[in-house]
Amino acid sequence: MKKKKMIISQETMDIDFVRKVEALSDTSVRRCFQCGKCSAGCPMATFMEHPPNRVVRLLQLGQWRRIIEGRSIWYCASCETCSTRCPNKVHLASIMDALRKLSWDADGPSKESYVQLANKLFLQNIRTYGRQYEMRLAAVFNVKSGQFLKDLMLGPKLIAKGKLKMFHSKNKNMTEIEKIFSRIEEMRKKGEAL
Amino acid sequence: MSSDNIMEYSYYPGCSLHASAGEYDLSTRELFKILKIGLTEIPDWFCCGATPAHNVDELLSLSLCAKNLELADEIEGDVAVACAACFSRLKTTQHVLTENETKRKQVEKAIDAPVKLNSNVKHLLEILAADLGLERLAAAVHKPLTGLKVACYYGCLLTRPTDVPNLDCVEAPTIMERVIEAVGAETVPWTHRLECCGANFTLSRPGVVIQLTNAILDSAKAAGADCIMVGCPLCHGNLDIRQKEIEGVYKTDYNLPVFYLTQLVGLAAGLGADKLGLDAMIVNPMPLLREKNLI
Numbered sequence: 168m169k170k171k172k173m174i175i176s177q178e179t180m181d182i183d184f185v186r187k188v189e190a191l192s193d194t195s196v197r198r199c200f201q202c203g204k205c206s207a208g209c210p211m212a213t214f215m216e217h218p219p220n221r222v223v224r225l226l227q228l229g230q231w232r233r234i235i236e237g238r239s240i241w242y243c244a245s246c247e248t249c250s251t252r253c254p255n256k257v258h259l260a261s262i263m264d265a266l267r268k269l270s271w272d273a274d275g276p277s278k279e280s281y282v283q284l285a286n287k288l289f290l291q292n293i294r295t296y297g298r299q300y301e302m303r304l305a306a307v308f309n310v311k312s313g314q315f316l317k318d319l320m321l322g323p324k325l326i327a328k329g330k331l332k333m334f335h336s337k338n339k340n341m342t343e344i345e346k347i348f349s350r351i352e353e354m355r356k357k358g359e360a361l
Numbered sequence: 046m047s048s049d050n051i052m053e054y055s056y057y058p059g060c061s062l063h064a065s066a067g068e069y070d071l072s073t074r075e076l077f078k079i080l081k082i083g084l085t086e087i088p089d090w091f092c093c094g095a096t097p098a099h100n101v102d103e104l105l106s107l108s109l110c111a112k113n114l115e116l117a118d119e120i121e122g123d124v125a126v127a128c129a130a131c132f133s134r135l136k137t138t139q140h141v142l143t144e145n146e147t148k149r150k151q152v153e154k155a156i157d158a159p160v161k162l163n164s165n166v167k168h169l170l171e172i173l174a175a176d177l178g179l180e181r182l183a184a185a186v187h188k189p190l191t192g193l194k195v196a197c198y199y200g201c202l203l204t205r206p207t208d209v210p211n212l213d214c215v216e217a218p219t220i221m222e223r224v225i226e227a228v229g230a231e232t233v234p235w236t237h238r239l240e241c242c243g244a245n246f247t248l249s250r251p252g253v254v255i256q257l258t259n260a261i262l263d264s265a266k267a268a269g270a271d272c273i274m275v276g277c278p279l280c281h282g283n284l285d286i287r288q289k290e291i292e293g294v295y296k297t298d299y300n301l302p303v304f305y306l307t308q309l310v311g312l313a314a315g316l317g318a319d320k321l322g323l324d325a326m327i328v329n330p331m332p333l334l335r336e337k338n339l340i
């Protein structure tokens with residue numbers, strides 16, 4: 168990514184957004200003193216343009232757009248090593264969740280589409296079947312991401328070993344799950360939940 | 046449910062155990078049967094939402110887990126969970142909904158019922174090590190796993206997050222080692238017990254998984270392990286299903302069978318290969334088990 172010069176001023180610092188992140192994640196970015204322990208232990212830091220400690224620093228400076236334009240938040244594996252090791256109890260894994268949610272809801276500008284597509288299909292499967300349907304998840308992902316040959320050699324092996332089920336039974340109480348999804352949508356429309 | 050059971054649990058298998066991790070489900074049921082621990086599967090349980098749900102929609106994730114806890118509440122006993130991710134999600138939900146009243150009210154609205162937070166969510170490891178106890182577990186052994194060197198792989202979510210009371214120390218857990226040593230196996234000290242395998246990037250970015258999982262396999266091999274033991278279907282998928290591919294990419298040869306904890310404990314308790322689902326493993330464990338006279 169091309170490095171853009173950062174200008175810190177009242178105009179460029181958007182603290183309202185940061186407050187939203189703090190409310191959603193129930194944690195304060197102001198507690199971070201940049202020791203870097205989170206990034207040192209992060210298994211995914213090598214794949215990110217902004218490692219975890221820099222994500223927090225950018226939030227402190229109100230420069231959140233730089234974060235959600237990139238792929239860092241989508242390359243977080245939610246292993247929670249960062250939250251576990253933070254000496255100041257900054258729950259970074261929850262901050263990542265909050266950033267992803269805000270970016271997701273706003274259909275954010277990140278170019279990392281594969282992870283977002285996988286998440287979308289995963290949640291659609293829950294709404295349709297109540298449970299995960301791994302065969303369908305993998306097949307639809309390949310079609311939608313245009314990678315028709317991805318893991319093609321694994322498929323027959325997994326089917327032979329009984330690891331991929333061709334058919335899937337729906338939960339009997341599917342109306343329950345649909346109600347949960349639609350109630351949440353309703354609450355958000357009324358502004359009762361973020 | 047037979048009356049001579051010494052303990053009763055409700056059982057939340059999770060989606061993977063009904064599909065790609067069928068052998069984990071099978072070996073869990075068979076092992077618990079001979080240990081006289083009753084498992085009643087929660088009828089019509091839902092997916093816990095796993096990582097994708099809390100990644101983009103915490104309220105949905107909390108609501109799905111709260112709904113499952115409500116279903117579990119109707120069955121006697123604590124909730125037995127096999128999958129590390131489901132375990133982490135259910136425990137996190139209990140913690141968040143206890144601590145945060147605003148979120149609890151939102152979830153109650155979403156599931157249209159009061160949240161039930163009383164049931165104790167336990168991973169299978171906890172049930173074996175604490176509820177049953179290592180002495181009783183050792184007493185059930187018919188065929189000690191003598192000479193088998195096991196690398197116990199915890200992965201991320203068995204012991205995390207820290208603020209949620211969990212099954213063992215977050216940075217230096219020993220529960221897996223204690224369980225498998227109780228049935229006669231040897232364990233190896235190694236560096237990557239708690240490192241992430243890349244988890245669900247196996248679907249979206251398999252390259253990530255190949256790199257991270259290779260480091261784990263490499264570390265286990267260097268420590269002199271014969272095999273790896275896991276308690277999570279996603280770790281299993283990455284270590285076992287992708288092992289051949291990783292060997293190809295890194296031009297190396299690991300040949301490390303990856304067992305679920307219930308498969309190894311079940312083997313020691315005298316269960317046959319058919320009841321452990323050993324044929325479903327991609328890296329064939331039979332040569333190793335024959336060499337160690339375990340089958």
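Protein chains in written order, with the numbering used here: chain A, 168 to 361; chain B, 46 to 340. Cβ coordinates follow ideal geometry from the N, Cα and C atoms, glycine included. Because the structure is a prediction, the values reported are computed rather than measured.
Sub-9 Å separation of residue i and residue j beta-carbons
i, j, result
"residue 212 of chain A", "residue 201 of chain B", "no"
"residue 255 of chain B", "residue 306 of chain B", "no"
"residue 298 of chain A", "residue 235 of chain B", "no"
"residue 170 of chain B", "residue 138 of chain B", "no"
"residue 280 of chain B", "residue 196 of chain B", "no"
"residue 117 of chain B", "residue 314 of chain B", "no"
"residue 218 of chain B", "residue 203 of chain B", "yes"
"residue 288 of chain A", "residue 307 of chain A", "yes"
"residue 141 of chain B", "residue 59 of chain B", "no"
"residue 323 of chain B", "residue 68 of chain B", "yes"
"residue 301 of chain B", "residue 328 of chain B", "yes"
"residue 232 of chain B", "residue 194 of chain B", "yes"
"residue 246 of chain A", "residue 223 of chain A", "no"
"residue 219 of chain A", "residue 259 of chain A", "yes"
"residue 87 of chain B", "residue 50 of chain B", "no"
"residue 78 of chain B", "residue 191 of chain B", "no"
Same chain, Cβ closer than 6 Å to residue i, five either side skipped, listed in chain order
i, result
"residue 226 of chain A", "185, 196"
"residue 106 of chain B", "94, 98, 99"
"residue 325 of chain A", "331"
"residue 295 of chain B", "259"
Residue-chain proximity (residue i, chain B), Cβ-Cβ < 9 Å
i, result
"residue 195 of chain A", "no"
"residue 331 of chain A", "yes"
"residue 255 of chain A", "no"
"residue 231 of chain A", "no"
"residue 342 of chain A", "no"
"residue 206 of chain A", "no"
"residue 179 of chain A", "no"
Element boundaries [alpha helix (DSSP H), containing residue i]
i, result
"residue 269 of chain A", "259-272"
"residue 186 of chain B", "Looking at the DSSP string, residue 186 of chain B is not in any alpha helix (DSSP H), and its letter there is neither H nor E."
"residue 113 of chain B", "103-118"
"residue 249 of chain A", "248-252"
"residue 73 of chain B", "67-79"
"residue 147 of chain B", "146-156"
"residue 356 of chain A", "341-356"
"residue 261 of chain B", "251-267"
"residue 336 of chain B", "331-336"
For residue i, the first and last residue of its enclosing beta strand (DSSP E)
i, result
"residue 172 of chain B", "First-last for residue 172 of chain B: undefined, no H or E at that position."
"residue 85 of chain B", "82-86"
Beta-bridge partners of residue i, as assigned by DSSP
i, result
"residue 124 of chain B", "B:55, B:166"
"residue 274 of chain B", "B:197, B:304"
"residue 219 of chain B", "BP columns for residue 219 of chain B are empty, so no partner."
"residue 216 of chain A", "Residue 216 of chain A is not bridged to any residue."
"residue 232 of chain B", "B:195"
Residues of its chain near residue i, where Cβ-Cβ distance is below 8 Å and the 5 sequence neighbours each way are ignored
i, result
"residue 294 of chain A", "344, 345, 348"
"residue 217 of chain A", "225, 233, 234, 237, 239"
"residue 351 of chain A", "360"
"residue 246 of chain B", "253, 254"
"residue 231 of chain A", "181, 184, 185, 188, 225, 266"
Chain A contact for residue i (CB, 9 Å cutoff)
i, result
"residue 63 of chain B", "yes"
"residue 207 of chain B", "yes"
"residue 112 of chain B", "yes"
"residue 326 of chain B", "yes"
"residue 245 of chain B", "yes"
"residue 128 of chain B", "no"
"residue 251 of chain B", "yes"
"residue 100 of chain B", "yes"
"residue 156 of chain B", "yes"
Contacting residues, own chain, Cβ-Cβ under 7 Å from residue i (five flanking each side not counted)
i, result
"residue 153 of chain B", "159, 160"
"residue 155 of chain B", "104, 108"
"residue 258 of chain B", "242, 243, 283, 284, 287, 291"
"residue 220 of chain B", "170, 174, 212, 213"
"residue 278 of chain B", "61, 62, 65, 66, 69, 128"
Contact set between residue i and chain D, taken where Cβ atoms lie within less than 8 Å
i, result
"residue 241 of chain B", "Of the protein chains in the structure, A and B, none is chain D."
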